[in-house]
Amino acid sequence: VQLQASGGGLVQAGGSLRLSCAASGLIFSPNTMGWYRQAPGKQRELVAAITTGGSTNYADSVKGRFTISRDNAKNTVYLQMNSLKPDDTAVYYCNSKTTWSSSWGQGTLVTVSS
72 VQLQASGGGL VQAGGSLRLS CAASGLIFSP NTMGWYRQAP GKQRELVAAI TTGGSTNYAD
132 SVKGRFTISR DNAKNTVYLQ MNSLKPDDTA VYYCNSKTTW SSSWGQGTLV TVSS
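Position one of the sequence shown corresponds to residue 72 (my numbering), numbered consecutively onward.
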């Protein structure tokens, strides 16, 4: 599966951005699609994930501010990010995972200025 992420950019603290990730190619179902992020000098961490059935999981640091959703017909996952903080600055990566595979997108940079 190929993953194409988009929607990153520069935003002021308190602002919002929406990331999108479109999957193409050989897509197996069920799968879990997720967003991870990696800030400079830090390890990559899970931000949010959503299963084919719609179950979601969020990092504690983004609960109540970020919302993950997916459109299975379009093979696309979204991350709505509100009330952004400078600590949210990172490269955001899209991931698609099944029980036997894991695929990554190219990453999109989110920069939150104070």
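Just so it is clear, CB atoms sit at the ideal spot from N, CA and C, and this is done for glycine as well.
Here the structure is a predicted model, which is why all the values come from computation and not from measurement.
Residue i in three-state terms, based on DSSP
i          : result
residue 87 : coil
Terminal residues of the beta strand (DSSP E) in which residue i lies
i           : result
residue 136 : Neither: residue 136 is in no beta strand (DSSP E) and is coded neither H nor E.
residue 115 : Where residue 115 is concerned, there is no enclosing beta strand (DSSP E), given that its DSSP letter is neither H nor E.
residue 162 : 161-168
residue 105 : 103-109
residue 144 : It is not in any beta strand (DSSP E) - residue 144 carries neither H nor E in the DSSP assignment.
residue 174 : 173-175
Residue i versus residue j - alpha carbon distance
i           : j           : result
residue 101 : residue 130 : 22 Å
residue 113 : residue 158 : 12 Å
residue 171 : residue 72  : 13 Å
Buried versus exposed call for residue i [16 or more other C-beta atoms within 10 Å across all chains shown]
i           : result
residue 167 : buried
residue 106 : buried
residue 128 : exposed
residue 94  : buried
Check your understanding: Do the region 171-178 and the region 72-85 touch if we need at least three Cβ pairs shorter than 8 Å?
Key -> yes
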